[in-house]
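Participant: Pasting in a structure now, in structure tokens, and then I'll have a few things to ask.
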Amino acid sequence: MPDLSPASPPLAVVIGGGPAGLMAAEALAQAGLAVEVFDAMPSVGRKFLLAGVGGMNITHSEPYPAFVSRYAERQGEIAALLQDFDADALRQWIHGLGIETFVGTSGRVFPTDMKAAPLLRAWLKRLREKGVVIHTRHRWLGWNAEGALRIAYPQGERLVKAAVVVLALGGGSWARLGSDGSWQPLLAERAVDISPLQPSNCGFEVPGWSALLKDKFAGTPLKNIALSVPGSAPRKGEFILTAQGVEGSLVYAWSAPVREAINREGHGVLLLDLLPDKPVEKIAQALAKPRGSRSMAKHLHSQLGIDGVKAALLRELTNQATFADPDALAKAIKALPITLVRTRPLDEAISSAGGVRFEALDEGLMLKGMPGVFCAGEMLDWEAPTGGYLLTACFASGLRAGRAAADWLKS
1 MPDLSPASPP LAVVIGGGPA GLMAAEALAQ AGLAVEVFDA MPSVGRKFLL AGVGGMNITH
61 SEPYPAFVSR YAERQGEIAA LLQDFDADAL RQWIHGLGIE TFVGTSGRVF PTDMKAAPLL
121 RAWLKRLREK GVVIHTRHRW LGWNAEGALR IAYPQGERLV KAAVVVLALG GGSWARLGSD
181 GSWQPLLAER AVDISPLQPS NCGFEVPGWS ALLKDKFAGT PLKNIALSVP GSAPRKGEFI
241 LTAQGVEGSL VYAWSAPVRE AINREGHGVL LLDLLPDKPV EKIAQALAKP RGSRSMAKHL
301 HSQLGIDGVK AALLRELTNQ ATFADPDALA KAIKALPITL VRTRPLDEAI SSAGGVRFEA
361 LDEGLMLKGM PGVFCAGEML DWEAPTGGYL LTACFASGLR AGRAAADWLK S
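Everything in the sequence shown is counted per UniProt numbering, starting at 1 for the first residue and increasing by one.
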């Protein structure tokens with residue numbers, strides 16, 4: 001095993017080459033430190049690049065109070081990070097890389113070319129110009145007895161003695177892109193307080209669709225609908241019916257409360273409004289009109305425009321008595337309960353909840369029980385919906401950890 005190589009100025013090591021890790025590396029380099037980044041994958045930023053497929057949603061333009069509320073139980077901790085680097089600051093930082101941005105009709109912010117790759121290329125070029133050294137195919141294995149970092153690479157294993165370390169190892173989703181959660185036992189054996197990783201922004205399974213529904217409509221989107229959980233205001237959008245259950249952007253928006261209901265009670269419920277722009281009274285009036293010899297399917301289509309997958313799902317989740325009662329059917333159309341019994345596997349999720357608890361960290365994101373070791377990004381215990389909120393918090397936490405690590409080393 002190679003000897004430890006001294007570094008002058010002191011060596012700052014970042015483990016993980018996603019947005020949080022690269023932002024930490026930039027902050028450390030700006031502080032005048034020698035910085036080396038180690039990533040297990042053949043190239044850095046793989047999940048970042050995948051997120052850019054179909055349009056790189058970098059952040060969101062909504063007013064700050066609404067923006068920070070998206071972080072739910074951890075909005076206080078994330079708000080503290082956003083003080084240094086909020087959505088506006090992130091846009092200005094991107095502009096500094098020569099990449100312009102625009103606000104879409106939904107309020108989401110994108111690079112003008114909608115792509116992640118040019119942004120990442122420009123960023124990596126700037127990091128290398130600042131002297132940041134990036135090692136790929138280098139997997140962190142923890143520490144040895146003397147506190148040196150153990151790094152496995154294609155030729156074997158090496159030891160790296162770092163003056164300060166930033167861990168930005170991602171969550172547990174998309175293992176093939178590097179976020180495999182393998183860091184958990186390495187920190188757990190050091191008594192770091194970790195909340196178990198769980199799927200976030202994920203699909204869910206129902207107890208069992210009928211064969212007819214699966215065979216004919218699996219993979220079909222439901223558009224111009226609204227979803228809610230009991231006791232909450234509905235949100236408009238769309239989702240997809242799958243052979244196992246449901247997935248898609250509107251389902252992801254409710255994934256945290258549904259997942260927690262499943263954890264508590266063994267099941268969760270989404271309420272589907274098939275006609276969000278029509279009040280229940282108007283629906284009942286339309287259904288009560290004489291249909292003569294027409295079937296109920298044709299009546300639903302002619303009076304309310306309900307057909308295809310919407311009609312099939314309505315039939316799937318109601319009984320004959322409900323169909324025979326216009327008032328009861330109108331109420332079902334406005335709040336059709338979909339019972340969900342489990343999340344789809346963590347590796348299929350867009351992101352993960354859980355991770356290193358903020359209670360284990362100081363304000364600079366340094367582990368209280370491990371001086372000189374900082375954490376950032378999705379490996380921290382927070383979650384947010386899609387829409388740019390995930391990336392914004394990853395960037396902000398990386399900047400905070402990098403700056404705090406540099407300050408700690410200087411002090």
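Where is the CB? At the ideal position from N, CA and C, for every residue including glycine.
1. In terms of alpha-carbon separation, which member of L340, A191, A384 and G17 lies closest to R74?
2. By the 10 Å Cβ neighbour count, where 16 or more other Cβ atoms means buried, how is N57 classified, buried or exposed?
3. Under the criterion of a Cβ to heavy atom distance below 8 Å, does L177 qualify as lining the ligand HEM?
4. In whole angstroms, give me the CA-to-CA distance for K161 and P276.
5. For the beta strand (DSSP E) containing residue 422, list its first residue and its last residue.
6. Whole angstroms is fine: what's the gap from A116's alpha carbon to F102's?
7. According to DSSP, is M41 part of a helix, a strand, or is it coil?
8. With distances taken Cα to Cα, identify the nearest neighbour of Y389 among S43, W183, K47 and S61.
9. With DSSP as the reference, identify every bridge partner of V164, one or two as the case may be.
10. Using a threshold of 9 Å, state whether the C-beta atoms of E348 and G203 are closer than that.
11. By DSSP, does R158 sit in helix, in strand, or in coil?
12. Which one of A51, P10 and L11 has the shortest CA to CA distance from P19?
13. Expressed to the nearest angstrom, what Euclidean distance is found between the alpha-carbon atoms of T386 and P345?
14. Alpha carbon to alpha carbon, how far is A335 from I306?
15. Where Q83 and E77 are concerned, what is the direct C-alpha to C-alpha distance, given to the nearest angstrom?
16. May I have the straight-line CA-CA distance separating L97 from W123, to the nearest angstrom?
17. Just how far apart, CA to CA, sit G54 and L250?
18. Any idea if P371 is buried or exposed, counting beta-carbon neighbours within 10 angstroms, 16 or more meaning buried?
19. Residue 415 lies in the beta strand (DSSP E); which residues open and close that run?
Facilitator: Answer, in terms of the structure:
1. For the purposes of this step, residue 74 is identified with residue 74 of the sequence shown, where counting begins at 1. Comparing Cα positions, the closest option is A384.
2. Counting from 1 along the sequence shown, the entry for residue 57 is found at position 57. Using a 10 angstroms sphere on the CB of N57, the tally of other CB atoms reaches 16 or more, which defines it as buried.
3. Absence of the ligand HEM from the depicted structure is noted, as is the absence of any ligand whatsoever, leaving it without description.
4. Locating residue 161 in the sequence shown gives position 161, counting from the first residue. Locating residue 276 in the sequence shown gives position 276, counting from the first residue. K161 and P276: Cα-Cα distance of roughly 59 Å.
5. Outside the displayed range of the chain (1 to 411) lies residue 422, so it cannot be described from this structure.
6. One-based indexing of the sequence shown puts residue 116 at position 116. One-based indexing of the sequence shown puts residue 102 at position 102. One C-alpha to the other measures close to 14 Å.
7. One-based indexing of the sequence shown puts residue 41 at position 41. Coil.
8. One-based indexing of the sequence shown puts residue 389 at position 389. Out of S43, W183, K47 and S61, S61 has the C-alpha closest to the C-alpha of Y389.
9. Mapped onto the sequence shown, residue 164 falls at position 164. According to DSSP, V164 bridges with A12.
10. For this step, residue 348 is matched to residue 348 along the sequence shown. For this step, residue 203 is matched to residue 203 along the sequence shown. Contact: yes.
11. As a position in the sequence shown, residue 158 is number 158, starting the count at 1. Strand at R158.
12. Against the sequence shown, residue 19 aligns to sequence position 19. Comparing Cα-Cα distances from P19 to each of A51, P10 and L11, the minimum goes to A51.
13. The residue given as residue 386 occupies position 386 in the sequence shown. The residue given as residue 345 occupies position 345 in the sequence shown. Between T386 and P345, the C-alpha separation is close to 18 Å.
14. Residue mapping note: residue 335 aligns to position 335 of the sequence shown, counting from 1. Residue mapping note: residue 306 aligns to position 306 of the sequence shown, counting from 1. The straight-line gap from Cα to Cα measures roughly 15 Å.
15. Within the sequence shown, residue 83 is the residue found at index 83, counting from 1. Within the sequence shown, residue 77 is the residue found at index 77, counting from 1. Answer to the nearest angstrom: the Cα atoms are 10 Å apart.
16. Position 97 of the sequence shown, counted from the start, is the residue given in the question as residue 97. Position 123 of the sequence shown, counted from the start, is the residue given in the question as residue 123. Computed Cα separation, rounded: 7 Å.
17. On the sequence shown, residue 54 is found 54 positions in, with the first residue counted as 1. On the sequence shown, residue 250 is found 250 positions in, with the first residue counted as 1. Taking the CA atoms as reference points, G54 sits about 17 Å from L250.
18. What you label residue 371 is simply residue 371 of the sequence shown in a count that begins at 1. Per the 10 Å Cβ criterion, exposed.
19. What is shown of the chain runs 1 to 411, which leaves residue 415 out entirely.
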